[in-house]
Amino acid sequence: MTAPLTARASALQSSPTLAFNAKVNQLKTEGREVINLSLGELDFSTPENIKQAAIQAIKDGKTRYTPASGILPLREALVESWSLNNQLETSVEQIIVGVGAKQLLYEALMVLVEAGDEVIVPVPTWSTYIEQIKLAGAEPHLVKLPADFKVTADQLEKAINQRTKVIMLNSPSNPTGQVIEPRELEEIGQLALKHDLFIISDEIYEDFVYQSEAVSIASLDQKFADRTVTIDGVSKAYAMTGWRIGYATGPREIIVKMGSLQSQLTSNACSIAQWAALEAVTNGAASVKKFRQALSQRRQLLKKALPEIPGLSVQTPEGAFYFFISLEETLNQTGQSSVEWSQQLLGQTGVAVTPGEAFLAPGYFRLSYAAGEKELKTALTKLKIFQGKI
Ligand code: PLP
25 MTAPLTARAS
35 ALQSSPTLAF
45 NAKVNQLKTE
55 GREVINLSLG
65 ELDFSTPENI
75 KQAAIQAIKD
85 GKTRYTPASG
95 ILPLREALVE
105 SWSLNNQLET
115 SVEQIIVGVG
125 AKQLLYEALM
135 VLVEAGDEVI
145 VPVPTWSTYI
155 EQIKLAGAEP
165 HLVKLPADFK
175 VTADQLEKAI
185 NQRTKVIMLN
195 SPSNPTGQVI
205 EPRELEEIGQ
215 LALKHDLFII
225 SDEIYEDFVY
235 QSEAVSIASL
245 DQKFADRTVT
255 IDGVSKAYAM
265 TGWRIGYATG
275 PREIIVKMGS
285 LQSQLTSNAC
295 SIAQWAALEA
305 VTNGAASVKK
315 FRQALSQRRQ
325 LLKKALPEIP
335 GLSVQTPEGA
345 FYFFISLEET
355 LNQTGQSSVE
365 WSQQLLGQTG
375 VAVTPGEAFL
385 APGYFRLSYA
395 AGEKELKTAL
405 TKLKIFQGKI
């Protein structure tokens, strides 16, 4: 008997990187040495003070249900840091803590869009947005970015039509690492006002910008803040991917409704992880600075070494911890897809990267530098030899 799956379930794609990770794990089980540059998480451990805060929370019995939208001290700390960084008046009702940024993105979409609506998504993109938009019943409207991956208001405006409801922004971007210029953010905000649109701004990589400062679109104008849900979390900045704590801020009615949805979906995020996140947000700045410095050095290493490898076309990203590299020249020569090329690279050298198909951008691959310098150097040597043979 075939299971009576809904159209929604049938259309759902699981994370495209999963199959690839399965292959990586298989090779490791076979005893092969694998250098995994496909990961979207820092290689550092969660800082000790944050771990201790979690242990203390367990000892203090902070192990029961919390308010569905998060413990008050954490939401208050987030109000303070948000107000401080962005000069915006925010209240605790405008902050929600959830099970990772992923859950909050989904809740924001479920609250803002439905069947018949379109969400503008610049491409290359993190594929989760696409699946979540579809789950919410709406349609993604893809805007293919030029080769420099710079998002501009002009490109987005061309995609706006009667059905457009939301613009999805992700700066710094996964996978491209590009940062949207403040003057473009200003113009995108004006677009939202002109066309009565909302913005979901995923700023999860905001702490990893190397030559400038990350700017929140909501901070530029109260009118923009009134139509923006900003998504963030502790996963990337504090090396806390497994703890599953994200947060969102935005207009009160939207955040309260996201809270109602969350109260029916999961209730609160893990109580212990919330106390750990409080320590991260209040006493984690030094660790973030240390991580940023290490990432910045690795970025420099790659910036210098990658252009020396034949067949790759590389531009240096401004933020996050990824290089998104064009393979056009190589693929023209071999006739492969970037998935096939990545599989061959993995099979022959043990270096794992993520093919661009996972980000709706065939012809590219994403290289994560959330790996030690020694590993990166070995991977670069192997990649150079591999490309030299093509
Ligand atoms: N947003 C982007 C752009 C990401 O790349 C990721 C993780 O890879 C997330 C959100 C998910 O963050 P979280 O671990 O808080 O769910």
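Using our numbering, read the sequence shown as starting at 25 and increasing by one per residue.
Even glycine gets a Cβ: it sits at the ideal position worked out from N, Cα and C.
Setting aside the 5 residues that flank it on each side, Trp299 is surrounded in the same chain by Ala77, Ala81 and Lys86, each with a C-beta closer than 6 angstroms to its C-beta; the list follows chain order. With respect to the 8 angstroms criterion, Leu302 and Ala125 are not classified as neighbours on the basis of their beta carbons.
Of Lys218, Ile228 and Val258, the smallest CA-CA separation from Lys247 is found for Lys218. Of the residues Lys413, Ile414 and Gly396, the one whose Cα lies closest to the Cα of Leu63 is Gly396. In this structure, DSSP gives Asn60 an extended state, which the three-state scheme calls strand.
For Pro164, the enclosing beta strand (DSSP E) covers residues Glu163 to Lys168.
Taking the Cα positions, Asp231 is about 12 angstroms away from Gly308. For the pair Pro379 and Ser362, the CB atoms are nearer than the 8 angstroms cut-off. Only residues of its own chain outside the window of five on either side were considered, and among them Leu96, Arg99, Glu100 and Val103 have a CB closer than 8 angstroms to the CB of Val116, listed in chain order. In this chain, the alpha helix (DSSP H) harbouring Ser362 covers Ser362 to Thr373. Taking all protein chains shown into account, Glu227 has 16 or more neighbouring C-beta atoms within 10 Å of its C-beta and is therefore buried.
In this structure, DSSP gives Asp226 an extended state, which the three-state scheme calls strand. The beta carbon of Tyr89 lies closer than 7 angstroms to those of Ser291 and Asn292 in the same chain, with the five residues before and after it left out.
The alpha helix (DSSP H) runs lying completely inside the region 231-293 and spanning 4 residues or more are 246-249 and 276-289, given in chain order. Around the beta carbon of Arg323, a 10 Å sphere encloses 16 or more other beta carbons of the protein chains shown; the residue is thus reported as buried. In the DSSP annotation of this structure, Ile333 is not part of any beta strand (DSSP E), being labelled neither H nor E.
Applying a distance threshold of 6 angstroms between residue Cβ atoms and the heavy atoms of the ligand PLP selects Gly64, Gly124, Ala125, Lys126, Trp150, Asn194, Asn198, Asp226, Ile228, Gly257, Ser259, Thr265 and Gly270, given in chain order. For Val305, the enclosing alpha helix (DSSP H) stretches over residues Ser295 to Asn307.
With respect to the 8 angstroms criterion, Phe222 and Lys182 are not classified as neighbours on the basis of their beta carbons.
As DSSP reads the structure, Met192 sits in a beta bridge with Ile224. The criterion of a C-beta distance shorter than 8 angstroms is not satisfied by Val147 and Lys174. Closest by C-alpha distance to Asn73, out of Thr254, Gly161, Ser240 and Ser311, is Ser311. Between Gly374 and the set Thr41, Ala33 and Leu61, the nearest pair of CA atoms involves Leu61. Contact annotation, Ala162 with Val137: C-beta distance approximately 4 angstroms; criterion of less than 8 angstroms satisfied.
Taking the Cα positions, Ser320 is about 11 angstroms away from Ala394. Shortest Cα-Cα distance from Ala403 to any of Leu369, Phe348 and Gln286 involves Leu369.
Ser197 has its alpha-carbon roughly 19 angstroms from the corresponding atom of Leu351. In this structure the region 281-291 does not lie against the region 45-54, because fewer than three pairs of beta carbons, one per stretch, are closer than 8 angstroms. Put simply, the backbone Cα of Lys327 is about 43 angstroms away from that of Gln186. Taking every protein chain shown into account, the CB of Thr30 has fewer than 16 other CB atoms within 10 angstroms, so this residue is exposed. Under the DSSP assignment, Glu142 falls outside any alpha helix (DSSP H), being part of the beta strand (DSSP E) whose first and last residues are Glu142 to Val147. Check the Cα spacing between Lys401 and each of Glu332, Pro341, Gln372 and Pro71: the tightest is with Glu332. Nearest Cα to Tyr234 within the set Phe345, Ala139, Arg207 and Gln214: Phe345. Distances from the CA of Gln372 to each of Glu155, Ile409 and Phe389 were compared; the closest alpha carbon is that of Ile409.
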